[in-house]
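Following: one structure in structure tokens, then a few remarks.
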Amino acid sequence: MPRTLIVSNRLPTKVLRNEEGLTFQPSEGGLATGLGSIYRQGDNLWIGWPGLFVHDEAEEDHIREELREDNMAPVFLTEAEIRDFYEGFSNSTLWPTFHYFSEFAEYEQTHWEAYVQVNQKFCEAVLAHAGPEDTIWVHDYQLLLLPEMLRKARPEASIGFFLHIPFPSQELIRVLPWRTELLRGMLGADLIGFHTFGYMRHFLSAVTHLLGYPAQNGQIETPNRSVRVDAFPMGIDYERYAKAAASSEAEHHQAEYREALRDTRVILSIDRLDYTKGIAQRLRAFDQLLQRYPEWRGQVSLIMLVVPSRDQVAQYASLKEEIDELVGRINAQYRTISWNPILYFYRSLPLEELAALYRLAEVALVTPMRDGMNLVAKEYVASRLDQRGVLILSERAGAARELSDALIINPTDVGQLVDAMHEALVMPEEEQVTRMSAMQTLVKRYNVFSWTKLFMNQLAYTKMKQHTLATEKLDAAATTQLLTDFKAAEQRLILLDYDGTLVGFHHNPQRAEPDQELRLLLRALTEVPNTRVVLISGRDRGTLDKWLGQLPVDFITEHGVWLRAAGEEWELFQAMQNDWMRELRPVLELYVARTAGSFIEEKDYSLVWHYRRADADLGEVRARELLAHLAFMTANTDLQVMEGNKVLEIKNAGINKGTAAARWLARYPADFILALGDDRTDEDTFRALPPEAYTIKVGSTGRSLARFNIGSPAEVRQLLRKLLG
Ligand code: GDG
Numbered sequence: 003m004p005r006t007l008i009v010s011n012r013l014p015t016k017v018l019r020n021e022e023g024l025t026f027q028p029s030e031g032g033l034a035t036g037l038g039s040i041y042r043q044g045d046n047l048w049i050g051w052p053g054l055f056v057h058d059e060a061e062e063d064h065i066r067e068e069l070r071e072d073n074m075a076p077v078f079l080t081e082a083e084i085r086d087f088y089e090g091f092s093n094s095t096l097w098p099t100f101h102y103f104s105e106f107a108e109y110e111q112t113h114w115e116a117y118v119q120v121n122q123k124f125c126e127a128v129l130a131h132a133g134p135e136d137t138i139w140v141h142d143y144q145l146l147l148l149p150e151m152l153r154k155a156r157p158e159a160s161i162g163f164f165l166h167i168p169f170p171s172q173e174l175i176r177v178l179p180w181r182t183e184l185l186r187g188m189l190g191a192d193l194i195g196f197h198t199f200g201y202m203r204h205f206l207s208a209v210t211h212l213l214g215y216p217a218q219n220g221q222i223e224t225p226n227r228s229v230r231v232d233a234f235p236m237g238i239d240y241e242r243y244a245k246a247a248a249s250s251e252a253e254h255h256q257a258e259y260r261e262a263l264r265d266t267r268v269i270l271s272i273d274r275l276d277y278t279k280g281i282a283q284r285l286r287a288f289d290q291l292l293q294r295y296p297e298w299r300g301q302v303s304l305i306m307l308v309v310p311s312r313d314q315v316a317q318y319a320s321l322k323e324e325i326d327e328l329v330g331r332i333n334a335q336y337r338t339i340s341w342n343p344i345l346y347f348y349r350s351l352p353l354e355e356l357a358a359l360y361r362l363a364e365v366a367l368v369t370p371m372r373d374g375m376n377l378v379a380k381e382y383v384a385s386r387l388d389q390r391g392v393l394i395l396s397e398r399a400g401a402a403r404e405l406s407d408a409l410i411i412n413p414t415d416v417g418q419l420v421d422a423m424h425e426a427l428v429m430p431e432e433e434q435v436t437r438m439s440a441m442q443t444l445v446k447r448y449n450v451f452s453w454t455k456l457f458m459n460q461l462a463y464t465k466m467k468q469h470t471l472a473t474e475k476l477d478a479a480a481t482t483q484l485l486t487d488f489k490a491a492e493q494r495l496i497l498l499d500y501d502g503t504l505v506g507f508h509h510n511p512q513r514a515e516p517d518q519e520l521r522l523l524l525r526a527l528t529e530v531p532n533t534r535v536v537l538i539s540g541r542d543r544g545t546l547d548k549w550l551g552q553l554p555v556d557f558i559t560e561h562g563v564w565l566r567a568a569g570e571e572w573e574l575f576q577a578m579q580n581d582w583m584r585e586l587r588p589v590l591e592l593y594v595a596r597t598a599g600s601f602i603e604e605k606d607y608s609l610v611w612h613y614r615r616a617d618a619d620l621g622e623v624r625a626r627e628l629l630a631h632l633a634f635m636t637a638n639t640d641l642q643v644m645e646g647n648k649v650l651e652i653k654n655a656g657i658n659k660g661t662a663a664a665r666w667l668a669r670y671p672a673d674f675i676l677a678l679g680d681d682r683t684d685e686d687t688f689r690a691l692p693p694e695a696y697t698i699k700v701g702s703t704g705r706s707l708a709r710f711n712i713g714s715p716a717e718v719r720q721l722l723r724k725l726l727g
């Protein structure tokens, strides 16, 4: 039975050491609750760090056994690993960068090395448990490299990845020295989830700009797999918070607080100590509220709960000082004998007291500078049993995409924040109820259980789609059959595309010259008796002739315009015109002028606009425009516009690699045909060949007419070497 494995930096249980020995304390985090429905079932498992440094192997074994009972498996980390991998790379490089605080980011090679090594450690831990058919769901920014590491070891596994923090604009990702490794790491997954569409868009743009992989409709084509990207806004366990708020404990606590506060109205703020949460800015705004609206003095208190977090990292310690100082100053300035402007708590509270605070507060102030989602906002909504209360929410929290009935503010605009607080305090009850009930319906429906289900279903669907759409991989069995047929054949024809098939792509097409290994390989193939080797390419005949003309291979160039059998003269496929080029060239020149990095290639009978070197997005936009422009200009002519890999080519209609391949096959019949190609123009070749031909698509497994798929030019060369016996 295939299993599901959850992997995250921390386990949903914290192991603590005290005088009596070890204690196991279940964590109450939202993720733990949401995924409880998965990892507790059957043989499923949650893998992660148990939160303490072990003394010896006996202790490790003890923890492992205890956790096994609850479907958990520990990954033990050392103090040095926590310092460099967790506090270092995860929290001092990735966390600030992904939250747009690049100025706080450190770039330490040793931290990066620890990050790679700990991800590797997690990989080994997962592999110790995972079977080839298992589903693995990896969580968050501490494990960005894990999906790719797992993919290498388990090519067929279903791997999901979810990022709980924002994914920033590619301009910020660019700054990271290890950006490509990180993106590639994530792309090992089949499905990558984000809280919002905005983060997803940023990720897609980072992948297209920094790795050059095409992406459409949330589908990324990497050189050997397609990866799905989607938005899954995480929810909370609604009933848990609603029940906690309704509990007699919460009611009791609330009554106690109310009595102490008398008639003072309450604005509530709850966060982990973090510079992303906008805590200091919020205090300044509250100060302004008391200045600009003196009528609230003595009437309103801000209850601010800050949960200690990451105090080992320098920025957190100085933020703590800043908050202490601000609270002290504001309280000293406005306090009266009977009223405290700010009630500040620097600790964590049990759920019932948290619920009592949610019940008590007429206004919740959730104003992070950046926040992946922010669950506090949703928990406040779930706790408002009487549907009264106002949520003030930062537009830069993921939750703002869903909770549009909150008062949405820009957290850096102090004036707007002050106005929002005032507006919340005077908002008519009727309006409060309308807004709150709309938000409750949403938070209730899209809860953490539906989030989990949605992600897992989408992962299963993605995997199923991959299987049905994908061309079959040329695996060991198919390769053996191919080699047997090759040996048994009397006449053999091998059709090889050049760019992307025999050699990788180069920014400048003229630099993609054949290397010595390729020349030797091609020559050796031509020496196999009764074997014709045909280079079938879109390139101009001059370049191919210069590069490979001395070999006894056949050439089909310019997508079938010029043909040459080994040792013979060049021939034109058919008589053709090229006077149209004079008219269309200025159109292409216009697009070159408007698209930095693009250029024109002129062949004997075709014109090509290349945009590989242009900005990826601009290139796509201009290609669409040019396509429309050319469709208009070539209507009622016998010209056709062909889309290739980052190129548009205008040429005479009716001639393509397919028509040329068919002519070659008619001229040189063969009982074994092998055709390899990587782009859309090679599909014409595949279409033209008989069904028993070995047609092989190189690279990404999007839709193809080929029978088989192979990963890369390196694998193509490996296959060709095998033909030599
Ligand atoms: C990351 C992303 C994303 C807080 N104080 C107490 C307490 N809490 C609980 C809250 C809430 C949780 O902590 C905080 O969650 P957030 O979502 O607000 O923020 P992060 O910890 O930064 O979480 C975030 C989240 O991952 C999930 O994907 O939303 O954007 O940064 O559940 O209730 N709980 C108790 N006592 C406290 O004093 N019991």
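Using the numbering used here, read the sequence shown as starting at 3 and increasing by one per residue.
For each residue, glycine too, the CB sits at the ideal point set by N, CA and C.
| field | Bridge-paired residues (DSSP) for Gly-50 | value | Pro-76
| said: Can you determine whether any heavy atom of ligand 1 sits closer than 7 Å to the C-beta of Glu-515, and answer yes or no? | reply: no
| query | beta strand (DSSP E) containing Ala-677: first to last residue? | reply | 674-679
| field | Nearest to Ile-657 (by Cα), restricted to the options Val-649, Pro-225, Pro-28 and Thr-683 | value | The shortest Cα separation from Ile-657 among Val-649, Pro-225, Pro-28 and Thr-683 belongs to Thr-683.
| query | Going by the C-beta, is Glu-397 closer than 7 Å to any heavy atom of ligand 1? | reply | no
| said: Gln-221 and Arg-230 - do their beta-carbons sit closer together than 8 Å? | reply: yes
| Backbone CA spacing between Ser-340 and Trp-51 [nearest angstrom] | 47 Å
| Are there 16 or more other CB atoms within 10 angstroms of the CB of Asn-20, so buried, or fewer, so exposed? | exposed
| query | Is the CB-CB distance between Ile-175 and Leu-146 below 8 Å? | reply | no
| query | Excluding the five sequence neighbours on either side, which residues of its own chain have a C-beta within less than 8 Å of the C-beta of Val-383, listed in chain order? | reply | Leu-393, Leu-405, Met-438, Met-441, Gln-442 and Val-445
| task | Could you check the C-alpha separation between Ala-247 and Glu-432 for me, to the nearest Å? | result | 22 Å
| message | Below 7 Å, is the gap between the Cβ of Arg-156 and the nearest heavy atom of ligand 1? | response | Every heavy atom of ligand 1 is 7 Å or more from the Cβ of Arg-156, so no.
| query | Taking the alpha carbon of Asp-373 as the point to measure from, which residue in Met-635, Lys-653 and Leu-165 has its own alpha carbon closest? | reply | Leu-165
| Assigned secondary structure, Met-3 (DSSP; H/G/I helix, E/B strand, else coil) | coil
| request: Ignore the nearest five residues each way along the sequence and tell me which others in Val-450's own chain have a CB closer than 7 Å to its CB. | output: Within its own chain, the residues whose Cβ lies closer than 7 Å to the Cβ of Val-450, once the five positions on either side in sequence are excluded, are Gly-32, Thr-35, Gly-36, Met-236, Gly-237, Ile-238 and Asp-239, listed in chain order.
| Identity of the residues DSSP links to Lys-475 by a beta bridge | Asn-711
| said: Does the structure place the segment 136-143 close enough to the segment 408-417 that three or more beta carbon pairs sit under 8 Å? | reply: no
| query | So, helix, strand or coil for Lys-455, using DSSP? | reply | helix
| What residue does the beta strand (DSSP E) around Tyr-306 start on, and which one ends it? | Per the sequence presented here, residue 306 reads as Met, with Tyr not at that position. From DSSP, the beta strand (DSSP E) with Met-306 extends over 302-309.
| said: So, under 8 Å CB-CB, Ser-171 and Asp-619 are touching, yes? Tell me the CB distance rounded to an integer number of Å. | reply: Not really, about 13 Å apart at Cβ, beyond 8 Å.
| If we ignore side chains and look at the alpha-carbon of each, how far apart do Leu-54 and Lys-16 end up? | 8 Å
| query | Is there contact between the segment 286-305 and the segment 331-351, where contact requires at least three CB pairs shorter than 8 Å? | reply | Yes: the two stretches touch, three or more of their Cβ pairs being nearer than 8 Å.
| field | Per DSSP, the bridge partner or partners of Asp-273 | value | Val-308
| Three-state secondary structure (DSSP) of Pro-28 | The DSSP-derived three-state label of Pro-28 is strand.
| said: Between Gln-389, Ala-422 and Glu-381, which has its C-alpha nearest Ser-397's C-alpha? | reply: Checking the sequence shown, residue 397 turns out to be Glu, not Ser. For Glu-397, the nearest C-alpha among the options comes from Ala-422.
| said: What does the alpha-carbon distance come out to for the pair Phe-710 and Leu-476? | reply: 5 Å
| Is it the case that the CB of Leu-353 approaches a heavy atom of ligand 1 more closely than 7 Å? | yes
| Exposure of Arg-494, with buried meaning 16 or more beta-carbon neighbours within 10 Å | buried
| Between the CA atoms of Asp-63 and Met-3 - distance to the nearest angstrom | 27 Å
| message | Beta-carbon within less than 6 Å of Glu-258's beta-carbon, same chain only, minus the 5 sequence neighbours each way: which residues are those? | response | So no residue of the chain qualifies.
| said: Bridge partners for Glu-373 per DSSP, in chain order? | reply: Position check: residue 373 holds Asp in this sequence, whereas Glu was assumed. According to DSSP, Asp-373 bridges with Ala-399.
| field | C-alpha gap between Thr-25 and Leu-18, whole angstroms | value | 5 Å
| message | Just to confirm the assignment, what range does the alpha helix (DSSP H) spanning Gln-442 have? | response | 431-447
| Given Leu-321 as reference, the closest of Arg-274, Leu-362 and Thr-470 once Cα atoms are compared | Arg-274
| task | Taking 8 Å as the cut-off, decide whether the C-beta atoms of Met-732 and Ala-233 are in contact. | result | Outside the modelled stretch of the chain, which goes from 3 to 727, sits residue 732, for which no answer is possible.
| message | Does the beta-carbon of Met-441, which I'm using as the reference point, lie nearer than 7 Å to any heavy atom of ligand 1? | response | no
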